[in-house]
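In my numbering, the protein residues as written are 10 to 188.
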């Protein structure tokens, strides 16, 4: 259907007033949840070329430019920058103090907040006398409303192989990250 020259409410009854109330240049969110789209709104007055076409009020040209993907990219970049700042803080805190353990809670909090995580945990891996590798949760930060698991015995002295994590044991033993 043709939208050029049509009244805004004809084009979109649902969003016409919302768009019309936008300032000359602004952003507008249309929809909600996963279906929300972010638009850059540009409104400019338009004058007809002949006197006979003039109406009681000025006409406007409204241009909506979908910037949803750009906003998602900006958010991802911001999150990455925050994470890098948290890692930088961690390195600084751990290097400046020989008893680094007391800095761990603040560092985990910064990492959790910068990544918008609900929890950040650090586990310690160790071998027993038979050379079996175990892991135990030793540090944790949790966001608001999240139940900490640091004292949960189910996360202490876990044998990798018995827990079905033999691949993890192999990767970590070779100095590789888990991905």
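Backbone N, C-alpha and C define an ideal beta-carbon position, used for all residues, glycine too.
Worksheet item: Closest to residue 97 by CA distance: which of 75, 84, 181, 123 is it?
Response: When each option's Cα is compared against that of residue 97, the closest is 123.
Worksheet item: Can you tell me the Cα-Cα spacing of residue 119 and residue 95, whole angstroms?
Response: Counting only the Cα atoms, residue 95 lies some 6 Å from residue 119.
Item to complete: Just the C-alpha distance for residue 43 and residue 74, rounded to the nearest angstrom, thanks.
Response: C-alpha separation (whole angstroms): 18 Å.
Fill in: Cβ contact check for the region 145 to 158 and the region 168 to 185: 3 or more pairs under 8 Å
By the Cβ criterion, the region 145 to 158 is not in contact with the region 168 to 185, since fewer than three pairs of Cβ atoms, one from each stretch, lie closer than 8 Å.
Item to complete: Locate the alpha helix (DSSP H) running through residue 179, then write down its first and last residues.
Response: That run of the alpha helix (DSSP H) goes 175 to 182.
Item to complete: State the DSSP-derived secondary structure class of residue 97, mapped to helix, strand or coil.
Response: Note: residue 97 maps to helix in three-state DSSP.
Worksheet item: What does DSSP give as the partner residues of residue 46 in its beta bridges?
Response: Per DSSP, 39.
Item to complete: Look at the Cβ atom of residue 151, then the Cβ atom of residue 121, and state whether they are nearer than 9 Å.
Response: Yes, the pair counts as a contact, with Cβ atoms nearer than the cut-off.
Worksheet item: What first and last residue would you give for the beta strand (DSSP E) that runs through residue 158?
Response: DSSP places residue 158 in no beta strand (DSSP E); its state is neither H nor E.
Worksheet item: Using the C-alpha atoms, what's the distance from residue 103 back to residue 163?
Response: The straight-line gap from Cα to Cα measures roughly 29 Å.
Item to complete: Would you grab the beta carbon distance between residue 146 and residue 171 for me? Rounded to a whole angstrom, and I think it's under 8 Å.
Response: The pair is not a contact, with the Cβ atoms about 17 Å apart (cut-off 8 Å).
Worksheet item: Out of curiosity, what's the CA-to-CA distance linking residue 177 and residue 101?
Response: Our two residues, residue 177 and residue 101, have alpha carbons roughly 29 Å apart in a direct line.
Fill in: Backbone secondary structure at residue 91 - three-state DSSP
The three-state secondary structure of residue 91, taken from DSSP, is helix.
Worksheet item: Once you ignore the five residues that flank residue 114 on each side, which residues in its own chain have a CB closer than 8 Å to its CB?
Response: Here residue 114 has 148, 150 as same chain residues with Cβ atoms under 8 Å from its own Cβ, once five neighbours each way along the sequence are excluded.
Worksheet entry | Beta-bridge pairing of residue 143 - partner residues as DSSP gives them | Residue 143 pairs with 135, 168.
Item to complete: Measure the C-alpha to C-alpha separation of residue 89 and residue 82 and round it to an integer number of angstroms.
Response: Per the coordinates, the alpha-carbon of residue 89 lies some 10 Å from the alpha-carbon of residue 82.
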